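Worksheet: the structure to be examined is printed underneath.
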Amino acid sequence: MAGFAPQARAQYVGQLSSIVMDARTGAVLSQSNPDLQRYPASLTKLMTLYLAFKGLRAGQVSLDQTVPVSAHAASMEPSKLGLVPGSYLTVEQAVLGLVTKSANDAACALGELLGGGDEVRFADMMTRQAHALGMTNTTFRNASGLPNAEQVTSARDLAILTRQIIAEFPEYYHYFAVPAFYFHGRQVPNHDPMLRVYPGADGLKTGYTADAGRNLVTSAIRENVRLIGVVLGARTNPQRSAVMASLLDDGFHQEGVADVPRVMVLARGRTRHGRAAIMLAAASRSAGAGPEQLAELPVASRRHTSLRHGHAHLPAHVHMVSAGHAVHRHRGANHG
Numbered sequence: 099m100a101g102f103a104p105q106a107r108a109q110y111v112g113q114l115s116s117i118v119m120d121a122r123t124g125a126v127l128s129q130s131n132p133d134l135q136r137y138p139a140s141l142t143k144l145m146t147l148y149l150a151f152k153g154l155r156a157g158q159v160s161l162d163q164t165v166p167v168s169a170h171a172a173s174m175e176p177s178k179l180g181l182v183p184g185s186y187l188t189v190e191q192a193v194l195g196l197v198t199k200s201a202n203d204a205a206c207a208l209g210e211l212l213g214g215g216d217e218v219r220f221a222d223m224m225t226r227q228a229h230a231l232g233m234t235n236t237t238f239r240n241a242s243g244l245p246n247a248e249q250v251t252s253a254r255d256l257a258i259l260t261r262q263i264i265a266e267f268p269e270y271y272h273y274f275a276v277p278a279f280y281f282h283g284r285q286v287p288n289h290d291p292m293l294r295v296y297p298g299a300d301g302l303k304t305g306y307t308a309d310a311g312r313n314l315v316t317s318a319i320r321e322n323v324r325l326i327g328v329v330l331g332a333r334t335n336p337q338r339s340a341v342m343a344s345l346l347d348d349g350f351h352q353e354g355v356a357d358v359p360r361v362m363v364l365a366r367g368r369t370r371h372g373r374a375a376i377m378l379a380a381a382s383r384s385a386g387a388g389p390e391q392l393a394e395l396p397v398a399s400r401r402h403t404s405l406r407h408g409h410a411h412l413p414a415h416v417h418m419v420s421a422g423h424a425v426h427r428h429r430g431a432n433h434g
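Residues in the sequence shown are numbered from 99 upward in steps of one, following the working numbering.
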């Protein structure tokens, strides 16, 4: 197989690969190392889901069909639903387990079902489907994305796959936006931070292994313009989210879509000392503001006040500001 040695690929962590694509036209709006072969980690599950959706469309499987859990599938670590050998879940539960918790046991079980009881056979199906879609730098060896030196992809290939998922299976795309689902009485939350922090984001998937770094595929829609972003090899989750947000912002700007205000005026009034004050609201948890965003705001005091987050559950504060002063806020932990 053409490509780089596994040790070399592992050294790419911190050297980002990225691409932003218009989902409708396929036009590439920005790219950096888009064809560098990387480890996909759990972004592998996007192809597992593609083939599941394809099977559902063809009537080969149904959402309420039971998926048997083999000892092999149950042994998958570390992110898992906790499936036990001999148990069952439905195809829909498996799909939800993949898009929320990135469950490796559910991915393997679903792959075995679709591959006639053999994950290796399913991985070959995945690779053949990838090549049929034009994903020329991609090879799959398992359904979950657990480490395998021969399992590789690229930012461009993942954008191609994501575009096909959105275009071919609109009836199933909504699963990627599910914030959580209940499995055996437990709430399983979605790991994707962009659903909570980026206005317009409505899916798709995170991924991580030590050798892959922090990977992310996101699609967002604003004013009927849908973009696809891929970031591979970030060192931290906050870096991954920040890079993705910046790339998508730039992409929407290129497409002529109006910027989403980072801060908005919630209320105007006066402090108990009679000074003019305003309360600001963040558009999302990731929103921050510099002088350019505040230049036209009315004068306010520099006292602390609460900052309302429309997409968050964590407390935060900002300094009430005078014109030209930046908004500061306390940041909460970011998981996903």
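We put the CB at the ideal spot given by N, CA and C, even for glycine. Quantities reported herein were computed from a predicted structural model and do not represent experimental measurements.
One or two residues paired with residue i in a DSSP bridge
| i | result |
| --- | --- |
| Val315 | Lys303 and Val328 |
| Phe279 | Val286 |
| Ser128 | Val118 |
| Thr237 | Val250 |
| Arg323 | According to the sequence as given, residue 323 is Val; it is not Arg. Answer is Arg320, bridged to Val323. |
Residue i: first and last residue of the uninterrupted alpha helix (DSSP H) it sits in
| i | result |
| --- | --- |
| Met119 | Run containing Met119: none in the alpha helix (DSSP H); it sits in the beta strand (DSSP E), Ser115 to Asp120. |
| Leu78 | Only positions 99 to 434 of the chain appear in the structure, and residue 78 is not among them; the question remains open. |
| Thr260 | Ala253 to Glu266 |
| Val218 | Glu217 to Ala230 |
| Val295 | Met292 to Val295 |
| Phe350 | Asn335 to Gln352 |
| His272 | Neither: His272 is in no alpha helix (DSSP H) and is coded neither H nor E. |
| Ala172 | Ala169 to Ala172 |
Alpha-carbon to alpha-carbon, residue j and residue i
| i | j | result |
| --- | --- | --- |
| Ala121 | Thr316 | 11 Å |
| Ala410 | Pro336 | Because Ala410 carries a pLDDT of 38, less than 50, the predicted location of this residue cannot be relied on, and no value is offered for it. |
| Gly112 | Arg333 | 5 Å |
| Leu179 | Leu134 | 32 Å |
| Ile117 | Asp255 | 10 Å |
| Asn313 | Arg155 | 28 Å |
| Met99 | Asn246 | At Met99, the pLDDT of 42 sits below 50, so the modelled position is not reliable; the number obtained from the coordinates is stated separately. Approximately 14 Å, taken between the alpha carbons. |
| Gly215 | Leu345 | 41 Å |
| Ala308 | Tyr137 | 10 Å |
| Pro297 | Val341 | 15 Å |
| Leu211 | Gln352 | 43 Å |
| His407 | Gly213 | Its pLDDT being 37, under 50, His407 is placed unreliably in this model, and the value from its coordinates should be taken loosely. Taking the straight line joining both Cα atoms gives about 44 Å. |
| Thr198 | Phe274 | 8 Å |
| Gly243 | Asp357 | 35 Å |
| Ala125 | Ile258 | 11 Å |
| Leu114 | Ser130 | 7 Å |
| Ser128 | Ala169 | 44 Å |
| His229 | Thr123 | 20 Å |
| Asp348 | Ala139 | 26 Å |
| Leu231 | Pro132 | 16 Å |
| Val295 | Arg226 | 35 Å |
| Asp222 | Tyr110 | 26 Å |
Other residues of its chain near residue i: CB distance less than 6 Å, five sequence neighbours each side excluded
| i | result |
| --- | --- |
| Ala241 | Thr146, Ala205, Cys206, Gly209, Glu217 and Phe220 |
| Pro277 | Asn288 |
| Val329 | Ser116, Leu314, Arg338, Val341 and Met342 |
| Met224 | Met145 and Phe238 |
| Leu293 | Ala299 |
| Val159 | Gly153 and Val189 |
| Gly327 | Val118, Thr316, Met342, Leu345 and Leu346 |
| Ala253 | Ser115, Ser116, Ile117, Pro132, Val328 and Leu330 |
Terminal residues of the beta strand (DSSP E) in which residue i lies
| i | result |
| --- | --- |
| Thr146 | Here Thr146 belongs to no beta strand (DSSP E); instead the alpha helix (DSSP H) covers Lys143 to Ala156. |
| Leu187 | Tyr186 to Thr188 |
| Val358 | Premise fails: Val358 is in no beta strand (DSSP E) and is neither H nor E. |
| Pro166 | Thr164 to Pro166 |
Beta-carbon proximity list for residue i, same chain, < 8 Å, skipping 5 on both sides
| i | result |
| --- | --- |
| Phe151 | Ile263, Glu266, Phe267 and Tyr270 |
| Tyr280 | Val286 |
| Asp162 | Thr188, Val189 and Glu190 |
| Val355 | Arg320, Glu321 and Val323 |
| Val167 | Leu181, Val182, Pro183, Gly184, Ser185, Tyr186, Leu187, Asp203 and Ala207 |
| Leu196 | Lys143, Thr146, Leu147, Ala204, Ala205 and Leu208 |
| Asp194 | Reading off the sequence, residue 194 comes out as Leu, not Asp. Cβ neighbours of Leu194 beyond the five flanking positions: Tyr273, Val276, Phe279, Phe281 and Val286. |
Own chain partners of residue i with C-beta closer than 7 Å, once the 5 adjacent residues on each side are dropped
| i | result |
| --- | --- |
| Phe350 | Arg320, Val323 and Leu325 |
| Ala172 | Leu181, Val182, Pro183 and Asp203 |
| Pro413 | Residue placement at Pro413 cannot be trusted, given a pLDDT of 34 that sits under 50; what the coordinates show is reported in the next sentence. Excluding positions up to five away in sequence, the list is empty. |
| Ala192 | Val165, Ala204, Ala207 and Leu208 |
| Gly157 | none |
| Ser177 | Lys199, Ser200, Ala201 and Asn202 |
Cβ-Cβ separation, residue j to residue i (assumed contact under 8 Å), whole Å
| i | j | result |
| --- | --- | --- |
| Gly311 | Gly331 | 4 Å |
| Val250 | Thr237 | 6 Å |
| Ala318 | Asp300 | 7 Å |
| Met119 | Arg284 | With 8 Å as the limit, Met119 and Arg284 do not qualify as a contact, their Cβ atoms being about 36 Å apart. |
| Lys303 | Leu141 | 6 Å |
Heavy atom of the ligand NAD within 7 Å of residue i beta-carbon
| i | result |
| --- | --- |
| Val329 | This structure simply doesn't include the ligand NAD, nor any ligand for that matter. |
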